[in-house]
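Number of protein chains: 2
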Amino acid sequence: MRLSRYFLPLLKETPTDAQIVSHQLMLRAGLVRQTSAGIYAWLPVGLRVLNKIADLVRREQDRAGAIELLMPTIQSADLWRQSGRYDAYGPEMLRFKDRHEREMLYGPTNEEMITALFRDSVRSYRDLPRTLYHIQWKFRDEVRPRFGVMRGREFLMKDAYSFDLDEAGGKVSYNAMFEAYLRTFAAMGLKAVPVRAPTGPIGGDMSHEFHILAETGESEIFYDSAIEDVDVTDPEAVSKLSSIYAMEAEEHEKVTNCPVPAERLLSRRGIEVGHIFFFGTKYSASMGLSVQGQDGKPVTPQMGSYGIGVSRLVGAVIEACHDEDGIIWPEAIAPFKVGLINLRSGDAACDVAADDLYAKLQHAGIETLYDDRDERGGAKFAGMDLIGIPWQLVVGPKGVSAGVVELKHRKTGERHELSVDAALEKLGG
Amino acid sequence: MRLSRYFLPLLKETPTDAQIVSHQLMLRAGLVRQTSAGIYAWLPVGLRVLNKIADLVRREQDRAGAIELLMPTIQSADLWRQSGRYDAYGPEMLRFKDRHEREMLYGPTNEEMITALFRDSVRSYRDLPRTLYHIQWKFRDEVRPRFGVMRGREFLMKDAYSFDLDEAGGKVSYNAMFEAYLRTFAAMGLKAVPVRAPTGPIGGDMSHEFHILAETGESEIFYDSAIEDVDVTDPEAVSKLSSIYAMEAEEHEKVTNCPVPAERLLSRRGIEVGHIFFFGTKYSASMGLSVQGQDGKPVTPQMGSYGIGVSRLVGAVIEACHDEDGIIWPEAIAPFKVGLINLRSGDAACDVAADDLYAKLQHAGIETLYDDRDERGGAKFAGMDLIGIPWQLVVGPKGVSAGVVELKHRKTGERHELSVDAALEKLGG
């Protein structure tokens, strides 16, 4: 993408209304703009990151055997009355009436709707087990939306729902999602700690939150350092991790006999980016979901639900991955892999060399943001650092004479001069 | 995808509440389920089609140089007061108050929001021209939602917005979108007729609707048969098509001296799937969008907006492409390319042969729905016909002994027996 034809409004000043670093950087790097309190438009670079995260989430959901569908954002109040949650849910639920005075709401989550869809579609034990998921915008009318997309009102969530014939099957489905979550966060280059969680208003028997570690994290978690030794690709990772102590501070304080020796008990700050629940028949029973079992008798399926905050992750990753110059995207979710800088736009030799290199990068399928604007080199470097593109390729007059380009790694700051061919090879072209 | 593990609830009966064939077929083939009046959940097969259409639309928008971003679904009433449309818009606008009693709405379109975003981001003539687009859910509170996704309340739309420094530039942008639309519908295997349209509530000087021809179409259009001779890949296609007569019946009736000779004037039924507008400074002027021109003086940009009904297209395509047995998907947007039928699940030789063929299709990257269920062959054939997958591959006991499979083309009904290798080659593996 040529920056001269793109839509990437950077801010020079740190916006005063943004309190946390991810919010500041998302505004400065032109990822989002607030359009109402807690509601954001995703500008082109921000959307690229959001889509990459959604795609990674989708890939691991699919790999775990979950099936994607898409439920609408608007739901009827009647649906929520079937589960009894309409009155129980607080003012975070955005409620309104349509033109015919029917009570509607903007879905904050989809347990009711998926239970109704499944109930009206399946009859037999042969239709189970199934895990269904969607990636859709939700709305929670937070009283004080803040921290940018980390606690916005309209947000993108992946929510999956499992249906099993018995509790043992339900736990298999739960563990499959647990594993998918470990893989998902690892694929993003993040360390996520699964924390045993109280089940809260969704109800149920078993629940884990997944926290990304970041010094600026909103919550404090206590965990056994043994967690850090577990390899998430180990087939036993889920069973190991779910037996190692990890709690949010609030829960940890209630524990009178913490089983972890003091020297192994770590305290770190974390950001919740995923939450999984097993809640048995809470919704299936209240909403009349039943299938015919293998013996001909009715069975009430066991359910779980599994959320990942897709838009929240964009902010959480930035909290975990930045420095004083800007964002440092993990390569798997970077908006572009390479930022190509023409140090002297307008200089014929530099223009030819940079255009040629851009063409080669495109031909090799390497996603490149090409700063071809008539701007000072310093502004171009600062821009690429701010946006956080993993690799910067610099074409300047000296290098062009010498037949070399400079390759800078955003994360380490390492710079190397090398030939165009060597640079392309290093970048996987 | 193995059907035994999928979520594809087919209906045997035609739902009595569905009046038009696309709605009936979308319900019967398990593409969607209504969750409230005019609001649908997209089941897995329906979502695959919706995503393929969105991807084709996106490809042609990108090719035309438009830049993707994503605006939120919920907007503030204040934004619409800036353009004066808040009071002008009818009860189709879903309005509500949030917990702080602020007036909000579910966006039916985004002229105001994109104008505000652009206004707050750009300063200079160097930032123009730009065409920005997003693919996002919209809501229009239709008084009588009907015809399934063809006139739903929550619907997916691609809407693009162009910003130019002068009217001539604005018309270049308009024509680039016109061409993108021709390419988009052609890529879906559809014949779309561009019809000169009144500009209506969006306002402006120039507008075209794009209609897909279908006998069951909602509107009648009159056009010069010369339209059918224009090749959409011709670089002159846009200028040719915009100078050939085509009108909706309502407008045609107002024309006193139709310039088309009677023998060339065709009347056909069509379904509107796209609509483009050029409206000059209507929004930029009212909302205070201005940039510094090359001569230092302020310029009020010229704008256009360009919509495609992505979810509506799913229904429209079915209206245009079906027979008495079900849907006939154009290959470019089919949910799967191949439907693999194991005629005798449970028969060891058939199971081995079908599993092996499925593995080969997957290895070749051919999207396949594999009916591996323990069902009669007749039900499997009927299901594949109903879902409308372009190619059916049939593995049966006789064929397995003879070393052949049967390949059926859904559209023509042609059947051939051929070797597995020949079938794979024919299917592009």
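Residue numbers (the working numbering), protein chains in the order written: chain A, 8 to 436; chain B, 8 to 436.
Each residue gets a CB set at the ideal place from its N, CA and C atoms; glycine is no exception.
Here the structure is a predicted model, which is why all the values come from computation and not from measurement.
query	result
Which two residues bound the contiguous beta strand (DSSP E) that contains B/V345?	345–349
Could you give the residue range of the beta strand (DSSP E) that holds A/G372?	No beta strand (DSSP E) contains A/G372, which DSSP labels as neither H nor E.
Provide the residue span of the beta strand (DSSP E) that contains A/W336, from first to last.	It is not in any beta strand (DSSP E) - A/W336 carries neither H nor E in the DSSP assignment.
Taking the Cβ atom as the reference point for each residue, do A/R130 and A/V267 lie within a distance shorter than 8 Å?	no
Could you tell me which of B/Q26, B/I278, B/M157, B/P51 sits nearest to B/S226, measuring between CA atoms?	B/I278
For the beta strand (DSSP E) that B/I219 lies in, which residues bound it at each end?	213–220
Which residues of chain A have a Cβ atom closer than 8 Å to the Cβ of B/A36, listed in chain order?	Those do not exist, as B/A36 stays about 13 Å from chain A at its closest Cβ, beyond 8 Å.
Check for me: the beta strand (DSSP E) holding B/H107 runs from which residue to which?	B/H107 -> no beta strand (DSSP E), and no H or E assigned at all.
How about B/G287 and B/Q301: do their beta carbons lie closer than 8 Å?	no
Can you tell me which of A/A84, A/R137, A/D105 puts its alpha carbon nearest to the alpha carbon of A/P115?	A/A84
Note down, in chain order, all residues in the segment 98–110 of chain B with a beta-carbon under 7 Å from any beta-carbon belonging to chain E.	Given the protein chain composition of this structure (A and B), no chain E is represented.
Where does B/K19 sit, in a helix, a strand or coil, going by DSSP?	coil
Cutting at 7 Å between CB atoms, please list the residues of its own chain near A/G37, excluding the five before and the five after it.	L15, P16, L17, L50, V52
Could you name the residues of chain A that B/I60 contacts, counting a contact when the two beta carbons are closer than 7 Å?	The contacting residues do not exist; B/I60 stays about 13 Å from chain A at best.
Interface residues of chain A around B/F343 at Cβ under 8 Å?	Residues of chain A passing the Cβ test: none, with the nearest at roughly 14 Å.
What residues of chain B sit near A/A48, judged by a beta carbon separation below 8 Å?	L76, L77, M78, P79, M120, L124
Can you tell me which of A/K104, A/F170, A/R190, A/A341 puts its alpha carbon nearest to the alpha carbon of A/D241?	A/R190
Taking all protein chains shown into account, decide if A/H107 is buried (16 or more other Cβ within 10 angstroms of its Cβ) or exposed.	exposed
Between A/Y13, A/V280, A/H370, which lies nearest to B/S128 when the distance is taken from Cα to Cα?	A/Y13
Could you spell out where the beta strand (DSSP E) holding A/M451 opens and where it closes?	No answer is possible for residue 451 of chain A: it lies beyond the span of chain A, which begins at 8 and ends at 436.
Against A/L54, what residues of chain B qualify as contacts under a CB-to-CB distance less than 7 Å, listed in chain order?	E75, L76, L77
Assuming A/P201 contacts A/A233 under a Cβ cut-off of 8 Å, what Cβ separation, rounded to an integer in Å, is found between them?	13 Å between Cβ atoms; not a contact.
Give me the residue from A/E149, A/G314, A/P205, A/T263 with the minimum Cα distance to A/H282.	A/G314
Buried or exposed: B/T80, going by 16 or more other Cβ atoms within 10 Å of its Cβ?	buried
Could you tell me the boundaries of the beta strand (DSSP E) in which B/E424 lies?	422–425
Could you check whether the Cβ of B/Y96 sits closer than 8 Å to any Cβ belonging to chain A?	no
Once you ignore the five residues that flank A/A269 on each side, which residues in its own chain have a CB closer than 6 Å to its CB?	none
List the residues of chain A that B/G72 touches, going by C-beta distances under 9 Å, in chain order.	R12
On a CA-only basis, which of A/V179, A/S318, A/H218 is nearest A/Y47? Give me that one, please.	A/S318
What do you reckon, are the CB atoms on B/K387 and B/D378 nearer than 8 Å?	yes
Cβ closer than 9 Å: which chain A residues qualify as neighbours of B/S43?	P79, I81, Q82, S83, D85, L86, D105, R109, M111
Quick one: Cα of A/D24 to Cα of A/G372, how far?	39 Å
Can a CB atom of chain B be found closer than 8 Å to the CB of A/P16?	yes
Determine the contact status of A/R275 and A/I325, defining contact as a CB-CB distance below 8 Å.	no
State the CB to CB distance for the pair A/K418 and A/Q399, rounded to an integer number of angstroms; the pair is presumed to be in contact (CB under 8 Å).	Not really, about 11 Å apart at Cβ, beyond 8 Å.
Which residues in chain B have a C-beta closer than 7 Å to the C-beta of A/L139? List them in chain order.	F14
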